[in-house]
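A.B. asks: Taking our numbering, the leading residue of the sequence shown gets 23, the next gets one more, and so forth.
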Amino acid sequence: MIDLAIIDVSYILECMEQKTLSLETSLSFQLLKTAHATQLHHQRALGGAALTLSQFWVLKLVCDGEAIRPSDAARRLGVHPGDVTRLVRGLSAKGLLTRSRRGDDQRALHLTPTPKGAQVAAELGTLIAEADAALATAIGTDPLEGLIGLLNAVHARAGARDNAGA
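Below, the structure is given as structure tokens:
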């Protein structure tokens, strides 16, 4: 368990109020550093799997029915549609999903998992869940719930500001 009492929140808030920047108190740096470490932790959990973590998440969204089109996956993952297009091509080349055009709009791609893709997503999903559980155990239940809430709030605030400027 991480002892949250060791964090000097008043010092962090003071630095933010004075608009001084240090790596120790920079929210953006700490989030970036943590995201990188978390991604490495989960990529290690995938072991010798032939998928990257990003490919796994796109495949999972398609298998769960949350991404019928590449734009759905991009929106859900918060990334540029071009990034998802490259991931989809790779997943298709591996035989894990199919791309087809349907209906009146022949420009829109529709994504469907193959049986092999569904199996791979399920197997790797178990590994990712185990990696998540290992991190959650280190944090503890109550702090984890608070952390997820805080991360969602930061994401919503950053996204709202980005959308307001667009």
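The beta carbon of each residue, even a glycine, is placed where N, CA and C say it ideally should be.
(1) When you compare the CB positions of Lys55 and Gly147, do they come within less than 8 Å of one another, or not?
(2) If you compare alpha carbons, which of Ala59, Cys85, Ala89 is closest to Glu145?
(3) Is Ala186 helix, strand or coil when you go by DSSP?
(4) Could you tell me if Ala95 is buried or exposed, where buried requires 16 or more neighbouring beta carbons within 10 angstroms of its beta carbon?
(5) Taking C-beta to C-beta, are Ala67 and Ile150 nearer than 8 Å?
(6) Determine the direct distance from the alpha carbon of Phe51 to that of Pro165, and round the result to whole angstroms.
(7) Do the CB positions of Ala109 and Gln77 come within less than 8 Å of each other?
(8) Relative to the C-alpha of Val142, which candidate in Ala160, Leu157, Leu119 has its C-alpha closest?
(9) Taking the C-alpha atoms as reference points, what is the distance between Gly104 and Ser44?
(10) Sorry if obvious, but does the Cβ on Ala130 come closer than 7 Å to a heavy atom of the ligand SAM?
(11) Can you tell which of Gly168, Thr60, Glu88, Gly87 has its C-alpha closest to the C-alpha of Leu75?
(12) Leaving aside the five residues before and after Asp184 along the sequence, list all residues of the same chain whose C-beta is less than 7 Å from its C-beta, in chain order.
(13) Leu62: buried (16+ other C-beta within 10 angstroms of its C-beta) or exposed?
(14) Below 6 Å CB to CB, which residues in the same chain sit around Thr107 once its five sequence neighbours on both sides are set aside?
(15) Please say whether Leu133 and Thr123 have beta carbons closer to each other than 8 Å?
(16) Rounded to the nearest angstrom, what separates Ala115 and Lys41 at their Cα positions?
C.D. replies: Let me spell this out:
(1) If you number the sequence shown from 1, residue 55 lands on position 33. If you number the sequence shown from 1, residue 147 lands on position 125. At least 8 Å separates the beta-carbon of Lys55 from that of Gly147.
(2) Here the question's residue 145 lines up with position 123 in the sequence shown. Among Ala59, Cys85, Ala89, the Cα nearest to that of Glu145 is on Cys85.
(3) Taking the first residue of the sequence shown as position 1, residue 186 is located at position 164. Residue confidence for Ala186 is low, a pLDDT of 43 falling below 50, so the modelled location carries little weight and cannot support an answer.
(4) Residue numbering aside, residue 95 sits at position 73 when the sequence shown is read from its first letter. Classification of Ala95: buried, given that the 10 Å Cβ count is 16 or more.
(5) Translated into positions along the sequence shown, residue 67 becomes position 45. Translated into positions along the sequence shown, residue 150 becomes position 128. Taking 8 Å as the Cβ cut-off, Ala67 and Ile150 qualify as a contacting pair.
(6) Sequence index remark: in the sequence shown, residue 165 carries index 143 (1-based). Sequence index remark: in the sequence shown, residue 51 carries index 29 (1-based). Spanning the alpha carbons of Pro165 and Phe51 requires a straight line of approximately 21 Å.
(7) Translated into the one-based positions of the sequence shown, residue 109 becomes position 87. Translated into the one-based positions of the sequence shown, residue 77 becomes position 55. Note that residue 109 is Leu in the sequence shown, not Ala. Closer than 8 Å, so yes.
(8) Taking the sequence shown and counting its residues from 1, the one referred to as residue 142 is at position 120. When only C-alpha atoms are compared, the closest one is Leu119.
(9) Locating residue 104 in the sequence shown gives position 82, counting from the first residue. Locating residue 44 in the sequence shown gives position 22, counting from the first residue. C-alpha separation (whole angstroms): 33 Å.
(10) This structure lacks the ligand SAM, and indeed carries no ligand of any kind.
(11) For the purposes of this step, residue 75 is identified with residue 53 of the sequence shown, where counting begins at 1. For Leu75, the nearest C-alpha among the options comes from Thr60.
(12) Numbered from 1 along the sequence shown, position 162 holds the residue referred to as residue 184. In this prediction, Asp184 scores a pLDDT of 49, lower than 50, which makes its location untrustworthy; the coordinate-derived value is nonetheless stated afterwards. Taken in chain order, the list of residues that qualify is empty.
(13) Mapped onto the sequence shown, residue 62 falls at position 40. Taking all protein chains in view, the Cβ of Leu62 is surrounded by fewer than 16 other Cβ atoms within 10 Å, so the residue is classified as exposed.
(14) By one-based count along the sequence shown, residue 107 stands at place 85. So the list reads Pro92, once near-sequence residues are dropped.
(15) Within the sequence shown, residue 123 is the residue found at index 101, counting from 1. Within the sequence shown, residue 133 is the residue found at index 111, counting from 1. Looking at the sequence provided, one finds Arg at residue 123 rather than Thr. Judged by their CB atoms, Arg123 and Leu133 are not nearer to each other than the 8 Å cut-off.
(16) Mapped onto the sequence shown, residue 115 falls at position 93. Mapped onto the sequence shown, residue 41 falls at position 19. Take the alpha-carbon of Ala115 and the one of Lys41: they are about 49 Å apart.
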